[in-house]
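Residue numbers (this note's numbering): 5 to 88. Just so you know, even glycine gets a beta-carbon here, dropped at the ideal spot from N, CA and C. Bear in mind that the values here come from a model prediction, so they are computed numbers and not experimental data. Structure first, then comments.
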Amino acid sequence: MNAMRPKDQFNTAMLLLDQAREEAAALPPLATIRTTADLVQRARIVRSVLNARNLFQQVHERAEGLSEALVRFQQRKDRIASKD
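Structural data, given as structure tokens:
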């Protein structure tokens with residue numbers, strides 16, 4: 005389990021995407037890649053975007069879990085109120 009808070013995960017993911025965008029803008033077009041360094045740089049950018057996607061997914065799953073917990077809480081609260 006990741007120890008980062010959801011806010012930190014989101015901010016990190018956004019930072020990764022911003023960095024990837026800047027780096028990708030500086031890359032030569034795919035058809036003109038001639039060196040291993042260009043391929044390695046492109047692979048790093050892809051990895052960075054995949055890492056960002058993973059962080060966004062974790063934030064999304066956490067939000068879904070919290071939403072489900074809130075629904076259960078409201079249902080429990082309603083049951084208790086109806087017993088009174």
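Where does the unbroken alpha helix (DSSP H) through residue i begin, and where does it stop?
i   : result
T39 : No alpha helix (DSSP H) contains T39, which DSSP labels as neither H nor E.
M18 : 10 to 30
Please determine, among the options, the residue with the shortest C-alpha to C-alpha distance to residue i.
i   : options            : result
N55 : R46, G69, L21      : L21
A17 : R51, V50, D42, L59 : L59
V50 : A7, R25, K87, R83  : R25
P32 : L19, H64, R46      : R46
R57 : Q13, M8, A7        : Q13
Got a sec? Which residues, its chain only, sit under 7 Å from residue i by beta carbon, not counting five neighbours each side?
i   : result
Q61 : none
A10 : As written in the sequence, residue 10 is Pro, which differs from the Ala given in the question. For P10, where only same-chain residues beyond five positions count, the Cβ hits under 7 Å are V63, R66.
Can you name, in chain order, every residue of its own chain whose Cβ lies under 6 Å from the Cβ of residue i, other than the five neighbours on each side?
i   : result
V53 : A24
L74 : none
M5  : With a pLDDT of 49 at M5, under the threshold of 50, the predicted position of this residue should be treated as unreliable, and no value is reported.
E27 : I49
Looking only at its chain, what residues have a beta carbon closer than 8 Å to the beta carbon of residue i, apart from the 5 residues adjacent to it on each side?
i   : result
L43 : I37
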